[in-house]
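A.B. asks: Under the working numbering, think of the first position of the sequence shown as 289, with each following residue one higher.
Here a beta-carbon is modelled for each residue, glycine too, at the ideal position from N, C-alpha and C.
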Amino acid sequence: MKKFLKIAVTVIAVLLVVVLTAPIFLRGKIAELVRTEANAMLVPRLDFERLGISLLRHFPNASLELKGVTLVGVAPFEGDTIASVGRLSVVVDPWSLLGDGGLEVRKLLIAKPDLRARKLADGSVNWLLMKPSEEEPEAEAAAEEESTDTGSAFSLSVRDFRITDAALSYVDDSTHTSFRTLLPLLRLRGDFSAAQSTLDLRMRTEKTTFSSGVVTLLSNAEIELNADVAADLEKNRFELKENKLRLNAIEATLDGWAELGDDAVAMDLSLGCERVEFKDVLSLIPAFYTRNYRGLSASGELTLSLWAKGELRGAELPAFGLELGVRNGGFQYASLPKAVSDINIQASVTNPGGVMDRTVVDIPTFGLRMGDNSLAATFHGTTLVSDPDLRASLEGKLDLADIGEVYPLEDGMSLKGFIQADLSAAGRMSDVENRRYDRVSASGNFVVENVDAQLPGLPAIGLRRAAAGISPQAMTLGELSLTIGGSDLAANGQLTDYIDYLLRGATLSGRLYVNSKLLDLNEILASLSSTETAGGDAAEEPAAEETPAEGDVAAQAVEIPRNLNLSLRTEVGKLLYEKMVIEQLSGEVRVANGTLSLDGLRMKAFDGSLTASGSYSTADAAHPALTFNLGFTDASYARTFEQLEMVQRIVPLFEKAGGVYSMSLDMKMNLDQAMEPDLMSLDAQGELRSADIHIEQLKAFEVLAKTLGNDALSSIRAKDVVIPFSIRQGRLTTKPFDLKMGDVSLNLSGSTGLDQSIDYTAQVALPASATGGVLSKVNVGIGGTFTDPKITIGVKEAVEEAARNLIDEQVQKLTGNESLSEAVQEQAAKLREEARKAGEKLIAAAEEQRTKLVDAAKNPIAKLAAEKAGDKLVDEARKQADKLTAEAEAQIEKLASKAQ
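1) Do you know whose CA, among Arg716, Asn632, Gly1069, Ile707, lies nearest histidine 668's CA?
2) Excluding the five sequence neighbours on either side, which residues of its own chain have a C-beta within less than 8 angstroms of the C-beta of threonine 497, listed in chain order?
3) Whole-angstrom Cβ separation of alanine 552 and arginine 601, contact assumed at under 8 angstroms?
4) With burial defined as no fewer than 16 other Cβ atoms inside 10 Å of the residue's Cβ, what is the status of valine 1010: buried or exposed?
5) So, at 7 angstroms on beta carbons, what are the nonlocal neighbours of leucine 238 in its own chain, with the 5 sequence-adjacent residues on each side left out?
6) Report the option in Thr452, Leu513, Leu688, Phe526 whose CA atom is closest to the CA atom of threonine 486.
7) Compare the C-alpha of asparagine 803 against each of Arg753, Asn327, Leu770 and name the closest.
8) Give the straight-line distance between the Cα atoms of alanine 586 and glutamate 565, rounded to the nearest whole angstrom.
9) Express the C-alpha separation of glutamate 930 and lysine 944 in angstroms, rounding to a whole number.
10) Counting C-beta neighbours from all protein chains within 10 Å, is the total for glutamine 1017 16 or more, i.e. buried, or is it exposed?
11) What separation, rounded to the nearest whole angstrom, lies between the Cα atoms of arginine 288 and aspartate 479?
12) Leaving aside the five residues before and after aspartate 895 along the sequence, list all residues of the same chain whose C-beta is less than 7 angstroms from its C-beta, in chain order.
13) CA-CA distance, threonine 1139 and glutamate 1128?
14) Express the C-alpha separation of leucine 605 and glycine 583 in angstroms, rounding to a whole number.
15) Can you list, in chain order, the stretches of the beta strand (DSSP E) that have 3 or more residues and sit fully within the region 717 to 749?
16) Helix or strand or just coil, what does DSSP make of proline 1024?
17) Cβ atoms of threonine 921 and isoleucine 848: under 8 angstroms apart, would you say?
18) Using the Cβ count rule (16 or more neighbours within 10 Å means buried), how would you classify arginine 404?
19) Could you spell out where the alpha helix (DSSP H) holding glutamine 936 opens and where it closes?
20) How many whole angstroms separate the CB atoms of glycine 241 and arginine 615, which I take to be in contact at a CB cut-off of 8 angstroms?
21) Is it the case that the Cβ atoms of leucine 884 and tyrosine 904 are separated by a distance below 8 angstroms?
22) Grouping DSSP H, G and I as helix and E and B as strand, with all else coil, what is asparagine 632?
23) Give the straight-line distance between the Cα atoms of threonine 369 and leucine 542, rounded to the nearest whole angstrom.
24) Suppose the cutoff is 7 angstroms on Cβ atoms and the five residues either side in sequence are ignored; what does the same chain contact list for aspartate 381 look like?
25) Could you please give me the residues that DSSP links to lysine 956 through a beta bridge?
26) What does the Cβ neighbour count give for arginine 723, buried or exposed, with the cut at 16 atoms within 10 Å?
27) Which stretch, first to last residue, makes up the beta strand (DSSP E) that contains tyrosine 865?
28) Express the C-alpha separation of isoleucine 691 and leucine 624 in angstroms, rounding to a whole number.
29) What residue range does the beta strand (DSSP E) around arginine 475 cover?
30) Relative to the C-alpha of leucine 856, which residue among Ile870, Tyr865, Leu886, Glu866 is closest?
31) Answer with buried or exposed for serine 1107, where buried requires no fewer than 16 other C-beta atoms within 10 angstroms of its C-beta.
32) Return the residue from the list Leu765, Leu397, Ala363, Phe365 that minimises the CA-CA distance to serine 377.
33) Exposed or buried, what is methionine 658 when buried is set at 16 or more other beta-carbons lying within 10 Å of its beta-carbon?
34) Should threonine 653 and asparagine 632 be called a contact, given that it needs their Cβ atoms to be closer than 8 angstroms?
35) Looking at the secondary structure, which residues open and close the alpha helix (DSSP H) in which tyrosine 458 lies?
36) Count the other CB atoms, across all protein chains shown, that sit within 10 Å of the CB of serine 775; report buried if there are 16 or more and exposed otherwise.
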């Protein structure tokens, strides 16, 4: 401690010397120097946003200010923030550096610190801040002794030390202990340069919580301490003088002393409780302290003592004891008709010193009476850390209607019904863990009957009967009959390892049979959501240590506990969730290792049937994962579109489709923290099959029909359709599939995006009757969006094909078997005349045929093809006419040759 304080003061002194001698514009270099030198000495990484140095702000004193200070851990605490400070301000007297009276700090302010101490199960701690000294231990000790002998030891005087708006937390994984508190104010004044000094301490905390294992010993408590402390700074001994301690409504005094050694803290402390009353003790229960505490009257004899004596050295504890006794106690609210009476308590927590495992908790008596019913309990526990050895019992009956007559319930809240218990258990945890049930005793039963609960913002809750019995091996749920609003639930089964689960949070195993006629999740979830919202509006600001980690949001995903291993045989007559209506649901549900699994679930849904297997995992709580294998049979396109938002976004085509479909689907997908699907993470593949599908008013096909001049394409009516598909990166992609719509055939492939964009390629095969016999296939591109499609057609290829067909056909018709062989034998003149007449006839016929082809075309594509084919036909006729003339001349030449 001295070494750390000496280093800290030395750093401050060096900084002040620099301030007095260096220009103010060197602030940046000074900040980097402080950062570098501090990190050379510290194990965690220190950083800050800004360093400020001023000689004027607190003139004639100098000030140093750091803002945005963070201390981040290294392995095994890599990335964890050990401490953060909003502002650290030091005001010093610079002239104190020139004398030998020591450094005088006028004010030290730490604003908005957040300190998080952590101890892992292996004993590693995050508060070892200083790196080991490079000096040999003997040399370091000798140097420190020499410094003391020569009188050069530094002295420090702090006039005003304050901490404001602090958050402190301590978590010990090795002992399952945690402590959290808010510290609005801590002020300490005194002269630390003197050997003897009186320190003025003022401290106030809020929301202080302390837990050990599964037991919360202090919850959201307020603590206030005003004390004068006689300090012997040479011996590091501090003795409490006049002081007042308040714990919620308990006001007491602290007596004794504490002395800080090199590796231990010696103490002899006790709590003066002479003025404490039973009502004050009730203030430790948040339900009493936060609800009309002033209107509560209490009576009864109280004994309370708390003390600690010995040394705190590492894991070794001083001896300590807490004893609480209440005799003939009772309390009543002035506004309510009944009282809780006959409260008798004997309780103690003692430890003779040493380790926490030597602590003994003993409650031989705990009893009270409420109305005409009484409750009694006992508890005894030893070796609570290593191997808890426990004995406990609970016996009594409670009329829930009495609660509203002895305690002020919230507006709109009412309770009725009866709870009866007769339970006892004894044994060691090691025997439970190793299933040596012959060494463990557990027996009794727990019955709840005729419960009717009205809770603000929630549906009415009714519990006709719930009965459970216990043995060392298992808890048997013989009967459970529950209603929540319009929903009902019945269950029975058995839970094993329940003792280990209740005491240590170990894995709870079991098998349950769950039945429901109606399960309306919409009603239940909506009420829970509204209750959380209302609660959040009224709740106080969260403690700094409870601030959600980065990435957390207000709406939390449903996290599956990792310490459950349950199998549930489930049958639900009707289940309502969002817009889905599911009927006749049955199958196996399993909860294990943070994952909810479905095995062979069968149900009626979307006017068809559905099978489902898969899982919902919160192994990564920030990104819950879904994995499903789904099988749809004879499901309605329309119902699927209406009830599934995911289908509305990915397959808007379903809105226009009629008929039924069957589908196999394998999918993986993440959810966000609000349980909404992250569709960009969806990875799926499957196959859709439909024996009869009809789609009306589909914009893309209406535009296609108009473009091709074929009304048959404006709607789809197809049979025996098989569509293989996949979904990745927010796009649904279909492999090529065929649609047969009357005498029109399509081969279609492409994709649809979450943004409703479409990108498809279609091969359209048209009948001869629709194109005048000139067009057989058209390649079509379908782009844009579902509401604004863009159609592109392969015109060039279509026209060229049609033209070739027409030319071949028409040339054959026009030329037929025309021959000039006989005419050639008569005379050359006659040959030329007939050749001319035949050519003109051929051209005229071609032009006539061109006109007929164009007139017969029924759509723009066929018309373009007819025009092009007709033009080529006329050209071909001219070529044939020229050929006839050439043949005539050739014959004339032959005749002339023979005549010669």
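C.D. replies: Reading from the atomic positions:
1) Among Arg716, Asn632, Gly1069, Ile707, the Cα nearest to that of histidine 668 belongs to Arg716.
2) Sequence-distant Cβ neighbours of threonine 497 in its own chain, meaning closer than 8 angstroms and more than five residues away, are Ser466, Phe467, Arg468, Thr469, Thr504, Leu506, Ser507, Asn508, Ala509.
3) Contact holds; Cβ gap of about 4 angstroms.
4) Classification for valine 1010: exposed.
5) Absent from the structure is residue 238, since the part of the chain shown begins at 289 and ends at 1188.
6) In terms of CA proximity to threonine 486, Phe526 leads the group Thr452, Leu513, Leu688, Phe526.
7) Checking every option, the nearest Cα to that of asparagine 803 belongs to Leu770.
8) Whole-angstrom Cα-Cα distance: 8 angstroms.
9) Their Cα atoms are separated by approximately 11 angstroms.
10) Per the 10 Å Cβ criterion, exposed.
11) Since the displayed the chain opens at 289 and closes at 1188, residue 288 lies outside it and no answer follows.
12) Beyond the five residues adjoining it in sequence on each side, aspartate 895 comes within less than 7 angstroms, by CB distance, of Ala923, Ser924, Arg927 in the same chain, given in chain order.
13) When rounded, the distance between both Cα atoms is 17 angstroms.
14) Inter-residue distance for glycine 583 and leucine 605 is about 40 angstroms (C-alpha atoms, whole angstroms).
15) Runs of the beta strand (DSSP E) spanning 3 or more residues and lying entirely within the region 717 to 749 occur at 729 to 742, in chain order.
16) In the structure shown, the three-state DSSP call for proline 1024 is strand.
17) In this structure, threonine 921 does not lie closer than 8 angstroms to isoleucine 848 by Cβ.
18) It is buried - the Cβ of arginine 404 has at least 16 other Cβ atoms within 10 Å.
19) For glutamine 936, the enclosing alpha helix (DSSP H) starts and ends at 933 to 938.
20) Residue 241 falls outside the range modelled here, since the chain spans only 289 to 1188, and no answer is possible.
21) Yes; because the gap between Cβ atoms is below 8 angstroms, this pair is in contact.
22) Asparagine 632: strand per DSSP, three-state reduction.
23) Rounded to the nearest whole angstrom, the C-alpha separation of threonine 369 and leucine 542 is 34 angstroms.
24) Closer than 7 angstroms at Cβ, skipping near neighbours: Asn349, Glu392, Arg394.
25) DSSP, once it has assigned bridges, lists Thr915, Asp971 as partnering lysine 956.
26) That one is exposed.
27) If you look at tyrosine 865, you'll find it in the beta strand (DSSP E) that goes 852 to 865.
28) C-alpha separation (whole angstroms): 10 angstroms.
29) Element bounds for arginine 475: 465 to 477.
30) Comparing Cα-Cα distances from leucine 856 to each of Ile870, Tyr865, Leu886, Glu866, the minimum goes to Leu886.
31) The predicted model places serine 1107 with a pLDDT of 43, which falls under 50 and marks its position as unreliable, so this point remains unresolved.
32) Among Leu765, Leu397, Ala363, Phe365, the Cα nearest to that of serine 377 is on Leu397.
33) Only buried fits methionine 658, as 16 or more other CB atoms lie within 10 angstroms of its CB.
34) Yes, Cβ-Cβ distance for threonine 653 and asparagine 632 is below 8 angstroms.
35) Looking at the DSSP string, tyrosine 458 is not in any alpha helix (DSSP H); the run it does join, the beta strand (DSSP E), is 449 to 460.
36) Around the beta-carbon of serine 775, 16 or more other beta-carbon atoms lie within 10 Å, marking it buried.
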